[in-house]
Amino acid sequence: MHPYSHSVLSVVADADNVIPRQLTPEILSAFEGVRFIAQHIKDADKDNEIVEDWKYVSMVLDRFFLCVFTAACVLGTCGIIFQAPSLYDNTAPIDIQMTRITQYGISSPPTVAPRL
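At position 93 of the sequence shown (counting the first as 1) the number is 136 in my numbering, and the numbers step up by one without a gap.
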């Protein structure tokens with residue numbers, strides 16, 4: 044019989060870990076510490092996955108609202124420019140009217156005599 048066989052015979056089964064029962068308290072404490080650290084890292088990874096998912100959602104929404112904002116700015120600008128009255132006014136500009144007046148020899152518009 045092997046001299047160390049009595050220390051490994053009984054086993055404690057915990058969730059998904061198997062720890063020999065006949066170990067010193069220091070080793071058992073170290074196992075518990077390692078198990079705690081491993082569980083903490085798993086929980087942190089799950090939290091990081093959730094954070095990354097929300098970052099992706101925020102990036103998609105950010106891109107969507109950028110497109111909506113750009114479209115609103117372009118359409119608004121076009122709407123304002125196309126409402127300008129000078130686009131639909133067919134009268135001749137004042138400088139061309141004044142040029143025609145000087146071409147015809149009229150130096151100033153006719154004056155009206157004051158009423159008494």
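Ideal placement from N, C-alpha and C gives every residue a C-beta, glycine not left out.
The structure displayed is predicted, hence computed values, not measured ones.
Note the first and the last residue of the continuous alpha helix (DSSP H) segment covering residue i.
i, result
"Y131", "That residue, Y131, is in no alpha helix (DSSP H); it is neither H nor E in DSSP."
Give the secondary structure of residue i by DSSP, where H, G and I count as helix, E and B as strand, and everything else as coil.
i, result
"Q82", "helix"
"Q140", "helix"
"L66", "coil"
"A135", "coil"
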